[in-house]
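Counting in full-length UniProt numbering, the sequence shown runs from 1 upward without gaps.
Here the structure comes first, spelled out in structure tokens, and everything after it is commentary.
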Amino acid sequence: MITPRFECSQTPESVLIKIYCPSVRAADVEIHVDDTLFTVHINPYFLRLNFPHPVLEDEASLARYDPSSGYLTVTLTKESRGQEFADLDLLSKLLAPRPSQQAPLIEVIGQEDADDADDLVARTNALSLEHELEREEILLAAENDWQIPQEVPSDPVITTTLNQSYGFLNLHSGYFKHVAHTENEVNELGSDAEIITPQERRVRRWKHEDEKWDEEHYMADYADDEYIQELLLWRNPHVAAPGPFQFTEAENLALLNLPRKEYLADARQTKSLYLTLISVLFSYAYEARTTQGDFTPESAWTICTLTPAFSALDPPPYIAPTPSAPMPSSSDLIACLSQSYRRCLAFPLHRSFTLAEACRADVAGLLLLGTRTVLRVLLDTQHVLTHHEVYYVYSKIWLEDFCVWVQASAGNDTLCELGTAVRGLRIPKAAIEWDLELLEAATSEAQQRDSDSDDESEEDEVARQL
């Protein structure tokens, strides 16, 4: 079955679903509505949407097919007239399966329901002992709207292989088996990427950053910062002029091509995802600011290199975890952004702490604009990586899942709270661990000496002329 292109809109009374299914027979359309669930089947297309509130198929509902344009437009009545259906433009969220719901422990039912329930129990008990397991599965499925409930495992997973997982929620492996035969200049783990432990990844990353750190390069950019000052004046268009938001046709197509997954993340994993999101947004902000929004063939390298979760498969948190809510603390945020600062001071062409601070402000501005703007940035970043012949792998193991997760789990309020926290942070230069203040002081002193020397030379020259 093919998932067709579609878009949703609403009026105070109805929900409209516009589905692109060219060259089909309108008489073969099958539409089904069940509470919040809407399905349509018209060979070879199948679409199942889960709305946030119930809809009805009544006399006011209709379906109209326009063979000239290839669009099937379905109008459904809202069960509660005037109710606002949020997030109809987040297509992946609509495509997600209906959440599992546990049945109540005690429920008052009518006589007809009681007879049906007794009949179900009688027929179930009639099953032989040989089918006991099947009976339990049937009862469990019936209690949960025929969707088996899922829980996050609490016990550690016992592995019997040397291979290590990585990427979004550690769901991926096998992408770097032949990395030694590719031109992957981002990968810092070499051919050991598939087997190295998370602790070893972090050790290697820190060592590599220390090796790449160049004091003279940093001091030169600090002394001659004319171009960096120009970069500081640039404003990210997402933040500067947000305006009314609407996904483009290309973005809607990208949303439809995302995987259909449901993620089960505990509090610790959720915190890690928010922190990783911040580091990805920082890398995007750095590349956008240094290219002034005009991405180049080198943009994929820069974004991946500046993101520890990509280059070293080393996502946050970067400090000892403490039992807490899934929202990152200020200490978590400082530790996360410090790693991004280290990398933008060690690897790319322009290395400036002030430039890093401007990128942090961009990240805060993007987060404050909420889910849709963050999703648009992730889609832009995914587009940059997907079209690179080597670095597309980081889109597969991180960005595709992130785009789905942000729609389903990262609400506007949460992202705005993070944006406020990031905006109010102060990243101490000591957290970078490269004696930045001493280097800056030495550079300023050298510049002052040169200036004094030039003044004395000019005075001597004037005196000789007199």
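The beta carbon of each residue, even a glycine, is placed where N, CA and C say it ideally should be.
Here the structure is a predicted model, which is why all the values come from computation and not from measurement.
Check: Going by other Cβ atoms of all chains shown within 10 Å of its Cβ, with 16 needed for buried, is Val203 buried or exposed?
Finding: exposed
Check: Expressed to the nearest angstrom, what Euclidean distance is found between the alpha-carbon atoms of Thr197 and Val384?
Finding: 29 Å
Margin query: According to DSSP, is Tyr45 part of a helix, a strand, or is it coil?
Written below: strand
Check: Are Thr307 and Ser299 close, meaning C-beta to C-beta below 8 Å?
Finding: No. Outside cutoff.
Check: For Glu172, which three-state DSSP category applies?
Finding: In the sequence on display, residue 172 carries His and not Glu. If DSSP states are grouped into helix, strand and coil, His172 belongs with the strands.
Notebook entry, point to check: Hey, how far is the Cα of Glu79 from the Cα of Leu16?
Noted result: 14 Å
Check: His238: buried (16+ other C-beta within 10 angstroms of its C-beta) or exposed?
Finding: Residue environment analysis places His238 among the buried positions, since at least 16 neighbouring C-beta atoms fall within 10 angstroms of its C-beta.
Next item on the list: May I have a chain-ordered list of the alpha helix (DSSP H) segments no shorter than 4 residues that lie completely inside the stretch 302 to 370?
Entry: 308 to 311, 330 to 346, 353 to 368
Item checked: Selection from Val24, Ile228, Leu56 that minimises the alpha carbon distance to Asp66 -> Checking every option, the nearest Cα to that of Asp66 belongs to Val24.
Notebook entry, point to check: With Arg426 and Phe245 assumed to form a contact (beta carbons below 8 Å), what rounded beta-carbon distance in angstroms separates them?
Noted result: That pair is no contact at about 31 Å.
Notebook entry, point to check: In or out: Asn236 buried (at least 16 other Cβ within 10 Å) or exposed?
Noted result: Buried, since its Cβ has 16 or more Cβ neighbours within 10 Å.
Next item on the list: Identify the continuous alpha helix (DSSP H) that holds Ile278 and give its terminal residues.
Entry: 267 to 290
Check: By how many angstroms is the C-alpha of Thr414 removed from the C-alpha of Val40?
Finding: 34 Å
Next item on the list: Take Val186 as the anchor and find which of Gly243, Ala309, Ala285, Leu258 has the nearest alpha-carbon.
Entry: Ala309
Check: On the three-state DSSP scale, how would you describe Lys429?
Finding: helix
Margin query: According to DSSP, is Leu436 part of a helix, a strand, or is it coil?
Written below: helix
Check: Would the stretch 1 to 20 and the stretch 42 to 49 be scored as touching if the rule is three or more Cβ pairs under 8 Å?
Finding: yes
Margin query: Looking at the secondary structure, which residues open and close the alpha helix (DSSP H) in which Cys403 lies?
Written below: Note, Cys403: alpha helix (DSSP H), 400 to 409.
Check: So, Asp251 versus Arg376, is the Cβ gap smaller than 8 Å?
Finding: At residue 251 the sequence reads Glu, which differs from the Asp that was named. Yes, Cβ-Cβ distance for Glu251 and Arg376 is below 8 Å.
Item checked: Inside the stretch 56 to 106 only - alpha helix (DSSP H) runs reaching at least 4 residues -> Under the rule that a run must span 4 or more residues, the alpha helix (DSSP H) segments found entirely inside the stretch 56 to 106 read 91 to 95.
Item checked: Assumed close pair Leu169, Leu313 - CB separation to whole angstroms, cut-off 8 Å -> About 13 Å; that fails the 8 Å criterion.
Margin query: Which of the three DSSP states is assigned to Leu258 in this structure?
Written below: coil
Check: Between the C-alpha atoms of Glu30 and Val393, what's the straight-line distance to the nearest angstrom?
Finding: 39 Å
Margin query: Using 8 Å as the threshold, is the C-beta distance between Leu439 and Ala358 below it?
Written below: no
Next item on the list: Output yes or no for whether 8 Å exceeds the beta carbon distance between Ser338 and Ile432.
Entry: yes
Check: In angstroms, rounded to a whole number, what distance separates the CA positions of Ser69 and Ile19?
Finding: The straight-line gap from Cα to Cα measures roughly 11 Å.
Margin query: Can you tell me whether Ala180 is buried or exposed? The criterion is at least 16 other CB atoms within 10 Å of its CB, across all chains shown.
Written below: exposed
Notebook entry, point to check: Are the CB atoms of Glu216 and Arg342 nearer to each other than 8 Å?
Noted result: no
Margin query: Here's the rule I'm using: 16 or more other beta-carbon atoms within 10 Å means buried, otherwise exposed. How should residue 471 be labelled?
Written below: Absent from the structure is residue 471, since the part of the chain shown begins at 1 and ends at 466.
Check: Using DSSP with H/G/I as helix, E/B as strand and the rest coil, what is Ile17?
Finding: strand
Next item on the list: Quick one: measure Cβ to Cβ for Leu76 and Ser92, integer angstroms, because I've assumed they're closer than 8 Å.
Entry: Incorrect: roughly 20 Å between the Cβ atoms, too far for contact.
Notebook entry, point to check: By how many angstroms is the C-alpha of Tyr391 removed from the C-alpha of Asn163?
Noted result: 21 Å
Note to self: At the level of alpha carbons, what is the spacing between Glu13 and Val55?
What the structure shows: About 10 Å.
Notebook entry, point to check: I think Asn412 touches Gly370, with their Cβ atoms under 8 Å apart; what is that distance to the nearest whole Å?
Noted result: About 4 Å separates the Cβ atoms of Asn412 and Gly370, confirming a contact at the 8 Å cut-off.
Notebook entry, point to check: When you compare each of Thr420, Leu256, Ser330 to Ile2 by their alpha carbons, which one comes out closest?
Noted result: Leu256
Note to self: Just to confirm my understanding: we take Thr276, look at its own chain, exclude 5 residues before and 5 after, and list those with CB closer than 7 Å. What are they?
What the structure shows: Ala309, Pro315, Pro316
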